[in-house]
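> Under our numbering, the first residue of the sequence shown is numbered 2, with each subsequent residue one higher. We put the CB at the ideal spot given by N, CA and C, even for glycine.
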Amino acid sequence: MRAIVVRKFGATPEVADMPMPEPGPGTVRVQLAAAGVNPFDQRMATGFLNDTLPHDFPMILGVDGAGAIDSLGSGVHRFAVGDRVVGKFRTPPAGHGSFAEYAVVPEDATLVPIPAGVPTAAAAALPTAGGTAQDLVDATGIRPGQTVLIVGATGGVGSFLVQLANIAGAHVIATARGAGADRMTRLGAAETVDYTAGPIGDQLAARYPDGIDILFDLVSPPTALTTLTALVRGGGTVYSTIGSADEDVLRARDIKGGNLESTARAPELARLLQRVADGDLVVPIDATVPLAEGPAVIGASGARGKTVLTI
Ligand SMILES: NC(=O)c1ccc[n+]([C@@H]2O[C@H](COP(=O)([O-])OP(=O)(O)OC[C@H]3O[C@@H](n4cnc5c(N)ncnc54)[C@H](OP(=O)(O)O)[C@@H]3O)[C@@H](O)[C@H]2O)c1
Numbered sequence: 002m003r004a005i006v007v008r009k010f011g012a013t014p015e016v017a018d019m020p021m022p023e024p025g026p027g028t029v030r031v032q033l034a035a036a037g038v039n040p041f042d043q044r045m046a047t048g049f050l051n052d053t054l055p056h057d058f059p060m061i062l063g064v065d066g067a068g069a070i071d072s073l074g075s076g077v078h079r080f081a082v083g084d085r086v087v088g089k090f091r092t093p094p095a096g097h098g099s100f101a102e103y104a105v106v107p108e109d110a111t112l113v114p115i116p117a118g119v120p121t122a123a124a125a126a127l128p129t130a131g132g133t134a135q136d137l138v139d140a141t142g143i144r145p146g147q148t149v150l151i152v153g154a155t156g157g158v159g160s161f162l163v164q165l166a167n168i169a170g171a172h173v174i175a176t177a178r179g180a181g182a183d184r185m186t187r188l189g190a191a192e193t194v195d196y197t198a199g200p201i202g203d204q205l206a207a208r209y210p211d212g213i214d215i216l217f218d219l220v221s222p223p224t225a226l227t228t229l230t231a232l233v234r235g236g237g238t239v240y241s242t243i244g245s246a247d248e249d250v251l252r253a254r255d256i257k258g259g260n261l262e263s264t265a266r267a268p269e270l271a272r273l274l275q276r277v278a279d280g281d282l283v284v285p286i287d288a289t290v291p292l293a294e295g296p297a298v299i300g301a302s303g304a305r306g307k308t309v310l311t312i
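(1) Could you spell out where the alpha helix (DSSP H) holding S160 opens and where it closes?
(2) Measuring only the C-alpha atoms, how far is Q147 from G202?
(3) DSSP puts S72 in a beta bridge; with which residues?
(4) Would you tell me roughly how many angstroms separate the C-alpha atoms of T28 and P20, rounded to the nearest one?
(5) Determine the direct distance from the alpha carbon of R187 to that of Y196, and round the result to whole angstroms.
(6) Would you check if the distance between the CB atom of S99 and the CB atom of L33 is smaller than 8 Å?
(7) Please name the residue in T53, K89, P26, S221 whose C-alpha comes closest to that of G68.
(8) Just tell me which of I5, Q275, T242, P268 has its CA closest to the CA of A134.
(9) Consider the C-beta atom of T129 and the heavy atoms of ligand 1; say whether any pair is separated by less than 7 Å.
(10) Please list, in chain order, all residues with a C-beta atom less than 6 Å from at least one heavy atom of ligand 1.
(11) In terms of DSSP beta bridges, what is M60 paired with?
(12) I need the straight-line Cα distance from G156 to A253, nearest angstrom please.
(13) Within the continuous alpha helix (DSSP H) that includes E192, where are the two ends?
(14) Counting Cβ pairs, one atom from each stretch, are 3 or more of them under 8 Å apart for the stretch 158–168 and the stretch 116–134?
(15) Between which residues of its own chain and I299 is the CB-CB distance below 6 Å, once the five residues before and five after are set aside?
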């Protein structure tokens, strides 16, 4: 089968012929039709989990994937051959991911049926980015009318987060540049701020003299996050998805939150899929790219929503 692999940490991803995986007890094999691309994929390729997980090489990349179950291992009872499913293909050892024609996962992994009416490619875009956005909203407990600034809003996580914060009743301020601003407004942002037009803090301090309630920051390194945190009033919340928050500093200012590591699994994914099926959540696919061209988009910057590989 064809798959996108790296042959060692730091190598350039390439399309390769790999052996067909066989499902063992308690696992299912999925014939993948689409796979969502995330910044995490590039980080896996460079070995950032080398100290945490065993890795198999050539390492098949990709976490998010969707398709149809094509074979069952013994003892599987939750799924049947032909079920359309979406999930996270990151069961250890690492290296058996979703950028492939087939992948095997335990039936109790993050794997859920795709509701009728939700396209397979849309489902494939959801697990990591949508799940992280859902985790941020759940961890914060947004109340209607609260002001929420989302920094890095135009990418995968942000494009879901703008919508979910808006659904929760927040007044959403999204960073965007150029044409990205209109897209953020259509997804539910009440205001946009162009981070290339000057420091965000300077642009918002005058508009919000009493401070904003919540900062979700998806891109800023620690120093920039500290600067932005000055916008948040005491009693507010700050979350970073890239480990930039100093929780002692936040507590000293009576600010909740910290560094969020997504723990979204099947229940959160099922909730997101239902929102999509109900028409409440748009899946912001910017580009669909054939698997053969996938190596060029892994680790690309300047995301406008999600990139999905078609397999
Ligand atoms: N902790 C976790 O569990 C977890 C889970 C998921 C993701 N993450 C991390 O969260 C980050 C965001 O993920 P993602 O999937 O949304 O990434 P993404 O799709 O690449 O989106 C990042 C977005 O930020 C924008 N951006 C870059 N620099 C910016 C700046 N200085 N100010 C405002 N916007 C800026 C980019 O567009 P422009 O450059 O064109 O502005 C892009 O639209 C990644 O680092 C990812 O690894 C962490």
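Straight from the coordinates:
(1) 157–168
(2) 18 Å
(3) R30
(4) 17 Å
(5) 19 Å
(6) yes
(7) K89
(8) T242
(9) yes
(10) N39, P40, F41, T129, A130, T133, V152, G153, T155, G156, G157, V158, G159, T176, R178, Y196, L219, V220, T242, I243, L261, E262, S263, S302, G303, A304
(11) V7
(12) 31 Å
(13) Not the alpha helix (DSSP H): E192 falls in the beta strand (DSSP E), residues 192–194.
(14) yes
(15) P14, D42, Q43
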